[in-house]
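Here the protein sequences line up with chains C and Z, keeping their order.
Per our numbering, the first sequence starts with residue 5, numbered consecutively.
Per our numbering, the second sequence starts with residue 28, numbered consecutively.
Note that CB positions come from ideal geometry on N, CA and C, so glycine has one too.
I have placed the structure first, in the form of structure tokens, so that the comments after it can refer back to it.
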Amino acid sequence: DAKTTQPPSMDCAEGRAANLPCNHSTISGNEYVYWYRQIHSQGPQYIIHGLKNNETNEMASLIITEDRKSSTLILPHATLRDTAVYYCIVRASIGNTGKLIFGQGTTLQVKP
Amino acid sequence: NAGVTQTPKFQVLKTGQSMTLQCAQDMNHEYMSWYRQDPGMGLRLIHYSVGAGITDQGEVPNGYNVSRSTTEDFPLRLLSAAPSQTSVYFCASRAYNEQFFGPGTRLTVL
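The following block contains the structure:
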């Protein structure tokens, strides 16, 4: 599975959009980009995933560059409850055991 | 659905003691896994299972045993606890694209 690189921390003002970047320059063609978050001391929570098209759900949007070497998770209107560690993970979905390899993630601090 | 449940929530052991961390899911997921998380670090995969009777090692399997006799349960056994195993342990089960995590077990080994 490809390795990812994320900034260790970011701040965002409440009500503003939070844009969390992820670099995955060694991603291969069958690998998906997944985002999870972990709110203090809780188990990680799935947010969104995508292959090459932009994706949106009720929680967030995922923008993947055309060359697929990087992506951005967008929380459109961040709230204090979005303060968490956000993990960008790349793995193959088809024919894969489902292992998730977590990096250090980005600690997002949403400030009032 | 209860989702993924873990027991106990907290546990203190002495070095050399053994114990089993319990994990159960009621979503009929084939894939289950165990992670540990140390302070300031991401999660590291210990063991995983792709179905009843099938288990395999993850990144940090040493000191831990698992078995999978049913789809619902995936216990993690520490045969002889060591202080280095002090950590928070998360169990997870997976649907096609989404992994569901339990609330965690906080283990301290003295």
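Which partner residues of residue i appear in the DSSP bridge assignment?
i: S60(Z); result: Y75(Z) and A119(Z)
i: R95(Z); result: Answer is none; R95(Z) lacks a bridge partner.
i: L40(Z); result: V136(Z)
i: N152(C); result: Nothing about residue 152(C) can be read from this structure; chain C reaches only from 5 to 116.
i: V31(Z); result: Q52(Z)
i: S114(Z); result: L134(Z)
i: D17(Z); result: With chain Z covering 28 to 137 only, the question about residue 17(Z) has no answer from this structure.
i: K115(C); result: A17(C)
i: L70(Z); result: Q64(Z)
i: Q126(Z); result: R121(Z)
i: T110(C); result: Y90(C)
i: E35(C); result: A96(C)
i: L106(Z); result: L106(Z) pairs with nothing; no bridge assigned.
i: I81(Z); result: G78(Z)
Could you tell me the distance, in whole angstroms, from the CA atom of residue i to the CA atom of residue j?
i: Q49(Z); j: W61(Z); result: 11 Å
i: G99(C); j: V77(Z); result: Any reading at G99(C) needs caution, since the residue's pLDDT is 47, under 50, leaving its predicted position unreliable; the model's value is listed next. Going from the Cα of G99(C) to the Cα of V77(Z) covers about 12 Å.
i: N89(Z); j: F106(C); result: 19 Å
i: I119(C); j: L106(Z); result: Since the first residue shown for chain C is 5 and the last is 116, residue 119(C) is missing from the structure and cannot be characterised.
i: L77(C); j: N23(C); result: 6 Å
i: A119(Z); j: N28(Z); result: 15 Å
i: G131(Z); j: S114(Z); result: 10 Å
i: L72(Z); j: I67(C); result: 27 Å
i: Q38(Z); j: R133(Z); result: 6 Å
i: S45(Z); j: Y91(Z); result: 10 Å
i: P35(Z); j: E70(C); result: 46 Å
i: P116(C); j: K7(C); result: 33 Å
i: L84(C); j: K103(C); result: 30 Å
i: L103(Z); j: T97(Z); result: 14 Å
i: T30(C); j: G19(C); result: 34 Å
i: K56(C); j: H28(C); result: 13 Å
i: L3(C); j: K41(Z); result: This structure does not reach residue 3(C), given that chain C is present from 5 up to 116, and the question cannot be answered.
i: P66(Z); j: Y75(Z); result: 22 Å
i: S13(C); j: G30(Z); result: 31 Å
i: Q112(Z); j: G43(Z); result: 11 Å
i: R95(Z); j: F127(Z); result: 18 Å
i: N34(C); j: P110(Z); result: 40 Å
Write down the C-beta distance between residue i and residue j rounded to the nearest angstrom, noting that I regard them as a contact closer than 8 Å.
i: D53(Z); j: E99(Z); result: 7 Å
i: T112(C); j: C16(C); result: Contrary to the premise, residue 112(C) reads as Leu rather than Thr in this sequence. Correct: roughly 6 Å between the Cβ atoms.
i: Q46(C); j: Y40(C); result: Incorrect: roughly 11 Å between the Cβ atoms, too far for contact.
i: Q64(Z); j: F117(Z); result: 7 Å
i: S65(C); j: V37(C); result: Wrong, their Cβ atoms sit about 12 Å apart, outside the cutoff.
i: Q42(C); j: A88(C); result: 6 Å
i: A108(Z); j: V87(Z); result: Not really, about 15 Å apart at Cβ, beyond 8 Å.
Under 8 Å between C-beta atoms, does residue i make it to chain A?
i: L104(C); result: Protein chains C and Z are contained in the structure displayed, whereas chain A is not.
Any heavy atom of the ligand COA inside 7 Å of the beta-carbon of residue i?
i: S75(C); result: The model depicted lacks the ligand COA and carries no ligand whatsoever.
Please specify which runs of the beta strand (DSSP E), each continuous and at least 3 residues long, are wholly inside the stretch 39-96 of chain C, giving them in chain order.
49-54, 65-68, 74-79 and 88-96
Along the stretch 33-53 of chain C, what residues have a CB closer than 9 Å to any CB found in chain Z?
Y36, Y38, Y40, Q42, S45, Q46, G47, P48, Q49, Y50 and H53
Quick one: which residues of the stretch 97-127 of chain Z get their C-beta closer than 9 Å to a C-beta of chain C? List them in chain order.
V115, F117, C118, A119, R121, Y123, N124, E125, Q126 and F127
Going along the chain, which residues of the stretch 71-99 of chain Z sit with their C-beta nearer than 8 Å to a C-beta in chain C?
R71, L72, Y75, V77, D83, G85 and E86
Quick one: which residues of the stretch 80-95 of chain C get their C-beta closer than 9 Å to a C-beta of chain Z? List them in chain order.
V89 and Y91
To be precise: take each residue of the stretch 44-69 of chain Z, compare its Cβ to all Cβ atoms of chain C, and keep it if any distance is under 8 Å. Which residues remain?
Y58, S60, Y62, M68 and G69
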